[in-house]
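In the numbering used here, the protein residues as written are 69 to 316. Yeah, the Cβ is synthetic: ideal placement off N, Cα and C, and Gly gets one too. Small disclaimer: the values here were computed from a predicted structure and weren't measured.
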């Protein structure tokens, strides 16, 4: 379990600064003989890196370095993955972020494996964790997608780093939480519990609250005042519920 129930760890340093670290792994996904899900190394790199990147960005931290551990040969698999990682960095970050890279150079591999770690920094007062309050509205940006539903990293139905940065710029927005394989409902309950609240879900809440969102294809956020879909263009937008003061 990470910091405040999130998939991150926070290290409080001197002079009020924080290190925020997130990681993600991917195995048996790629174009090798024993890969279970057949996709390009480029897609593996983009979708795996976006998970850790969105976790760090959502916390209010700025990514400073990304480590990429590739359990495959440098070329062509390694180069394909790295191109995906670099392209996702360009989408998520406003500045160039250095990479620390390792590939398998001793033995041939028949299955793809990848580990990504992202380290970011921010002043302690900018840390956006555990800020939600009773009465906050809970919203979802993007659609939960997983597996073969997601073959385009630029899918207009999934949340991107630019939308996370947009949310961070709203003073009324409190917590921002990328949704992964646990689904919207479990992530929402965890968010509420971390601030000693419960959630009153909308009876007609959409989309499917229990479906996996795979590589963080959607994100939850809380707001002290109502938000409207037009603020986010054509990206799918759903009211999910309201935080209440009575913890479940």
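Beta-carbon separation (whole angstroms), residue i vs residue j, contact threshold 8 Å
i: residue 286; j: residue 226; result: 7 Å
i: residue 146; j: residue 180; result: About 10 Å separates the two Cβ atoms, so there is no contact after all.
i: residue 150; j: residue 136; result: 7 Å
i: residue 131; j: residue 186; result: 5 Å
i: residue 177; j: residue 129; result: Their Cβ separation, rounded to whole angstroms, is 33 Å, which puts residue 177 and residue 129 out of contact at 8 Å.
i: residue 349; j: residue 229; result: A question about residue 349 goes unanswered here, because the residues of the chain that appear run from 69 up to 316.
i: residue 251; j: residue 297; result: The pair is not a contact, with the Cβ atoms about 21 Å apart (cut-off 8 Å).
i: residue 88; j: residue 97; result: Contact flag wrong, Cβ pair sits at about 26 Å.
DSSP-derived helix/strand/coil call for residue i
i: residue 233; result: helix
i: residue 92; result: strand
i: residue 298; result: helix
i: residue 284; result: coil
i: residue 354; result: A question about residue 354 goes unanswered here, because the residues of the chain that appear run from 69 up to 316.
i: residue 118; result: helix
i: residue 208; result: strand
i: residue 86; result: strand
i: residue 156; result: helix
i: residue 126; result: helix
i: residue 77; result: strand
i: residue 307; result: strand
i: residue 245; result: strand
i: residue 134; result: strand
i: residue 256; result: helix
i: residue 290; result: strand
i: residue 149; result: helix
i: residue 261; result: helix
i: residue 112; result: helix
i: residue 198; result: coil
i: residue 215; result: helix
i: residue 98; result: strand
i: residue 203; result: coil
i: residue 313; result: coil
Residues near residue i in its chain [Cβ-Cβ closer than 8 Å; skip 5 each side]
i: residue 242; result: 196, 199, 200, 201, 204, 289, 290, 291, 292
i: residue 284; result: 118, 119, 122, 123, 227, 246, 247, 248
i: residue 302; result: 224
i: residue 255; result: 245, 247, 248, 288
i: residue 282; result: 115, 212, 213, 214, 215, 217, 218, 248, 249
i: residue 141; result: 171, 172, 173, 176, 177
Spatial neighbours of residue i in its chain, beta-carbon cut-off 7 Å, leaving aside the 5 residues before and after
i: residue 191; result: 84, 85
i: residue 268; result: 309, 310, 312
i: residue 260; result: 266, 267, 311
i: residue 275; result: 211, 212, 306
Close Cβ partners of residue i (< 6 Å) along its chain, the five nearest in sequence each way excluded
i: residue 253; result: 277, 278
i: residue 134; result: 165, 167, 186
i: residue 152; result: 110, 113, 114
i: residue 183; result: 93, 137
Near the ligand GDP: residue i beta-carbon under 8 Å from a heavy atom
i: residue 108; result: Because no ligand of any kind appears in the structure shown, any question about the ligand GDP cannot be addressed here.
(message) Pairs of beta-carbons, one from the segment 198-215 and one from the segment 85-92, closer than 8 Å: are there three or more?
(response) Counting Cβ pairs under 8 Å, fewer than three are found: no touch.
(message) Count Cβ pairs between the segment 115-125 and the segment 79-86 that sit closer than 8 Å; are there 3 or more?
(response) Contact fails: fewer than three Cβ-Cβ distances are below 8 Å.
(message) Count Cβ pairs between the segment 99-106 and the segment 159-169 that sit closer than 8 Å; are there 3 or more?
(response) No, the segment 99-106 is not in contact with the segment 159-169.
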